[in-house]
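Just so we're aligned, residue -10 is where the sequence shown starts under the working numbering, counting upward by one.
Structure first, then comments.
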Amino acid sequence: GFAERGGEGGVALGGGAEKEAESKRDEELRRLVVGIWTDDYQGKRTMTVRADGTARMVVELRGLKAALFASRLEFDMVWSIEGGRLKKRTTGGKPSGRVKAILKAKGDRVDELILELSKDRLLLLDADGKTKYDWRRRDK
């Protein structure tokens, strides 16, 4: 359910102006993040972010990782942006056995700080505070 994303007309408690500025920024980020993004982290990744709060990531692996897992993995996700952070939760994918194994090892949730989001770049910081993911917008 996306009830928690409803937030319109909510009452801000304490630091009202600050909270309002943050929620305006989050709204802007939600608008900008929708689209198709690619990066080259551990193989080619293509992430399609939809306005309805769902997303799909296709990972094309090369070399040893491809031999270990599969040359192509698909992850279905739901996403939200709160406090300038992109939060994703994987709900399934293909091949399902491989995806389940990866989720078991790595967990199904990702929470990344948005360092930069423009019309053609999405720069995310991993929860480890070091790894950066540099996504570029791809035309449809």
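No residue lacks a Cβ here, since even glycine has one placed at the ideal position from N, Cα and C.
{"query": "Buried/exposed call for R20, threshold 16 Cβ in 10 Å", "result": "exposed"}
{"query": "6 angstroms CB neighbourhood of R131 in its chain, flanking five on each side removed", "result": "Residue 131 cannot be examined here, being either before or after the span of the chain that is shown, -10 to 129."}
{"query": "G86 versus E9 - alpha carbon distance", "result": "43 angstroms"}
{"query": "L50, enclosing beta strand (DSSP E) - first and last residue", "result": "No beta strand (DSSP E) contains L50, which DSSP labels as neither H nor E."}
{"query": "8 angstroms Cβ cutoff met for I103 and L50", "result": "no"}
{"query": "Spatially closest choice to D128 from Y30, T37 and E16, by CA coordinates", "result": "T37"}
{"query": "Entirely enclosed alpha helix (DSSP H) segments - the segment 31 to 97, minimum 4 residues", "result": "52 to 57 and 85 to 95"}
{"query": "Beta-carbon gap between D15 and D123 smaller than 8 angstroms", "result": "no"}
{"query": "Heavy atom of the ligand ATP within 7 angstroms of M46 beta-carbon", "result": "In the structure shown, the ligand ATP is absent, as is every other ligand, since no ligand is present at all."}
{"query": "Of the residues V23, R45 and R34, the one placed nearest S60, counting alpha carbons only", "result": "R34"}
{"query": "For I91 and P84, the rounded distance between their alpha carbons", "result": "11 angstroms"}
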